[in-house]
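Residue numbers (the working numbering), protein chains in the order written: chain A, 1 to 183; chain B, 184 to 458.
Virtual Cβ for every residue (Gly too), placed ideally from N, Cα, C.
One structure is given here, and the rest of the page talks about it.
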Amino acid sequence: MKKFSVKSIVAIGIGAALFFVLGRFVSIPSPVPNTNISVQYGLLAFLAVVYGPVAGALIGFIGHTLIDFSFGWCIWWSWVIASAVFGLLMGLSAKVLKMDEAQIGKKGLIKFNLAQVVCHLISWMVVAPVLDVYMMGEPWDKLIAQGLTAGIANAVTTAIVGSLLCVAYAATKTKAGSLSKED
Amino acid sequence: MTNLFNYIDRPSPIHRLSGASKLVCLLLWSVAAMTSFYTPLLVALTVLALIFFRMAKLRLKDVSFTVGIMLVYVALNNVLIFLFSPDHGVELYGSRTVLLPLPGRYSLTAEQLFYHLNVILKNACTIPPVILFVCTTNPSEFAASLNRIGVSYRISYSVALALRYIPDIQREYHDISLAQQARGVEMSKKANLIHRLKAASTILIPLVLSSMERIETISNAMELRGFGKEKKRTWYASRPFTPADYGSMAFCAILLILSLALTAINGGRFFNPFR
């Protein structure tokens, strides 16, 4: 495995802590049971874009595991893995699409949202149900209903929260070419 | 807030095991319980889990809240499974014994009931060990245990950092939330969903940006102290293994082998009494 930079180690730690706090205390219950509208995925998408795919995957993995641990019920491995996959895919797509989080414009926001919708679909409609079918032997229809609700809810919150975060973060960074030479 | 992870300090054989061996046991146990649908094994695992609960000197009162949530969860899950596919058991076991004819496809079959029993048993033997682990393992020992079982110490350190900073971030979240409420942002249940999402982001932005500053500070501090230079590191809260540790890990490994062997002998993951 390649060596992590100290910064990404810290980013994973603090990111997971943020993910945990948001997931544990800010979740809004949705109509389908066991499925919450979670603000933390907006944060995860944003952090994955800024700190890269490996950090994104581990923030999702550790953060989600800690949430499950603190509730004290079973660690729902399939969903934990789906969270990690989302972080990973988000980080990768940021690389592929060459998103620049420091100066995100309209184009960047569109890229970000397209990427997050696709990543959410893959994570909740493919990864989570497939793992659930294998590990728990639950019927497909129910998992697809849960996955669909979770996926759509997460995509909507990511669109709102993630985009806001990107814009706010870009505002704190100095733009390239912001200095002009005095004549 | 100090008791976020529900650690209950009591002298018991389970508490005396080191965190690392408990983690190994938990993982082995979870895999054993998750891969198998062999009903007698699931019953045995459930009984064993309850025996370990007694051994850890945990009382029902300590975990009543989690157990309550868990029961609601299991109930809802079963209702949902029945609503979506009342014939899942029939598909799995390949026969159909109608016990109670009901309109539509909702006839109650013995196969479906047996499948639900399996789902409940499965929850009953995977959830208690997690509760047990959480209640008997000191959170600060957790990162050390991860490193002990072979996770790279850099990642273990990330987990340790997360555990260390959760209370801080929580406090910050609370402070920012109060400040925003003082400025008139409505966050209670009175506001509608969209409003609450918006309100949540007025907290989120300062919280995330200040956390990113925190990341800079901490990583600079760690870099200055030479973090990551050596191949290994020592942990403040790690304990040496005792014979009991080896014994418990061996026991759980046997359970896993048993579970895999049963699946192989049975010729499938599902134990089928209808054949």
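Any chain B beta carbon closer than 8 Å to residue i
| i | result |
| --- | --- |
| valine 127/A | no |
| alanine 84/A | no |
| threonine 174/A | no |
| methionine 1/A | Low per-residue confidence applies at methionine 1/A: pLDDT is 41, beneath 50, and the placement is therefore not dependable, though the value from the model is reported in the following sentence. At least one chain B Cβ lies under 8 Å of methionine 1/A. |
| alanine 159/A | no |
| alanine 168/A | yes |
| alanine 16/A | yes |
| leucine 92/A | no |
| proline 139/A | yes |
| valine 39/A | yes |
| alanine 45/A | no |
| valine 10/A | yes |
| phenylalanine 4/A | yes |
| alanine 57/A | no |
| lysine 95/A | no |
| phenylalanine 112/A | no |
Outcome for residue i when other beta-carbon atoms lying within 10 angstroms are tallied against a minimum of 16
| i | result |
| --- | --- |
| alanine 45/A | buried |
| alanine 171/A | exposed |
| serine 178/A | exposed |
| histidine 378/B | exposed |
| tyrosine 429/B | exposed |
| glutamate 355/B | buried |
| threonine 417/B | exposed |
| isoleucine 448/B | exposed |
| proline 129/A | buried |
| proline 194/B | exposed |
| lysine 106/A | exposed |
| methionine 184/B | Any reading at methionine 184/B needs caution, since the residue's pLDDT is 38, under 50, leaving its predicted position unreliable; the model's value is listed next. Exposed, since its Cβ has fewer than 16 Cβ neighbours within 10 Å. |
| proline 426/B | exposed |
| asparagine 403/B | exposed |
| valine 10/A | buried |
| methionine 1/A | Note that methionine 1/A has pLDDT 41, beneath the 50 cutoff, so the model's placement of it is unreliable and the number below is only indicative. Classification for methionine 1/A: exposed. |
| tyrosine 41/A | buried |
Proximity test, Cβ basis, 8 Å: residue i and chain A
| i | result |
| --- | --- |
| serine 384/B | yes |
| tyrosine 190/B | no |
| glycine 277/B | no |
| glycine 295/B | The question names glycine, but residue 295/B in the sequence shown is glutamine. By this cut-off, glutamine 295/B is not an interface position. |
| glutamate 406/B | yes |
| alanine 345/B | yes |
| valine 317/B | yes |
| methionine 184/B | With a pLDDT of 38 at methionine 184/B, under the threshold of 50, the modelled position of that residue is not reliable, and the figure given next carries that caveat. Not an interface residue. |
| valine 226/B | no |
| glutamine 353/B | yes |
| histidine 378/B | no |
| arginine 366/B | no |
| valine 273/B | no |
| glycine 411/B | yes |
| tyrosine 340/B | yes |
| leucine 438/B | no |
| leucine 263/B | yes |
| phenylalanine 236/B | no |
Rounded straight-line distance, which links the Cα of residue j to that of residue i
| i | j | result |
| --- | --- | --- |
| leucine 148/A | arginine 452/B | 27 Å |
| phenylalanine 316/B | leucine 407/B | 36 Å |
| isoleucine 388/B | leucine 164/A | 8 Å |
| valine 80/A | leucine 283/B | 39 Å |
| isoleucine 234/B | alanine 227/B | 11 Å |
| leucine 275/B | alanine 258/B | 21 Å |
| lysine 415/B | isoleucine 401/B | 20 Å |
| tyrosine 348/B | glycine 333/B | 24 Å |
| arginine 288/B | aspartate 270/B | 8 Å |
| leucine 329/B | valine 39/A | 28 Å |
| alanine 159/A | isoleucine 59/A | 19 Å |
| alanine 115/A | serine 83/A | 15 Å |
| alanine 365/B | isoleucine 352/B | 20 Å |
| valine 302/B | isoleucine 359/B | 43 Å |
| leucine 285/B | leucine 266/B | 13 Å |
| threonine 222/B | valine 391/B | 47 Å |
| valine 54/A | serine 341/B | 13 Å |
| alanine 48/A | isoleucine 310/B | 31 Å |
| methionine 238/B | glutamine 295/B | 35 Å |
| lysine 95/A | valine 127/A | 22 Å |
| serine 8/A | phenylalanine 61/A | 15 Å |
| valine 85/A | tyrosine 51/A | 15 Å |
Under 9 Å by beta carbon: chain D residues contacting residue i
| i | result |
| --- | --- |
| leucine 165/A | Given the protein chain composition of this structure (A and B), no chain D is represented. |
Quiz item: Considering only residues of the region 425 to 451 of chain B, which uninterrupted beta strand (DSSP E) runs meet the minimum length of 3 residues and lie entirely inside it, listed in chain order?
Solution: none
Quiz item: Using 8 Å as the Cβ pair cut-off and three pairs as the minimum, do the region 435 to 444 of chain B and the region 201 to 214 of chain B touch?
Solution: yes
Quiz item: Which ranges does the beta strand (DSSP E) cover as unbroken runs of at least 3 residues, wholly within the region 310 to 342 of chain B, from first to last along the chain?
Solution: none
Quiz item: Are at least three pairs of beta-carbons, each pair with one atom in the region 82 to 89 of chain A and one in the region 103 to 123 of chain A, less than 8 Å apart?
Solution: yes
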